[in-house]
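Counting from 561, one number per residue, gives the positions in the sequence shown under my numbering. Built from N, CA and C at the ideal position, the CB exists for glycine as well. Each remark here refers to the structure printed beneath this line.
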Amino acid sequence: MAPTATNTRVDRPHRAIRHVLFICSRNRLRSPTAEQVFADWPGVETASAGLDHDADNPLSLELLAWADRIFVMEAAHRRRLSQRFRAGLDGKRVVCLDIPDDYAFMDPALVERLLARVPAFLR
């Protein structure tokens, strides 16, 4: 039987969307830059948050539950994240990018560092 519009099925590999969360202190420079840099990557949805009480977008348990991949900018962020949100991490891997707070939003040097470190973890 020849394929018709009603009986033709095209099997395409399903690629799961990865929910990627970037975390820094105040969510003003590094993590929003990372969110923007990787926002258009195929198969990736991004968000960012901060650990400080005055962060532009404070980290929540809901964001942690949403995330498949979690990136922090500094080792201190990983420690604070573990202390404050241990239950919300539920065995999730937290990757420290070792990027100090020396950059402006969308600083080309910051973008370059992010592009050098993050993609290996998005595969």
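- Inter-residue distance for A576 and P679 is about 16 Å (C-alpha atoms, whole angstroms).
- In this chain, the alpha helix (DSSP H) harbouring H637 covers 635-649.
- Per the C-alpha coordinates, the member of P602, A594, F582 positioned closest to G610 is F582.
- The three-state secondary structure of R629, taken from DSSP, is strand.
- With a threshold of 16 other beta carbon atoms within 10 Å, S620 falls short and is exposed.
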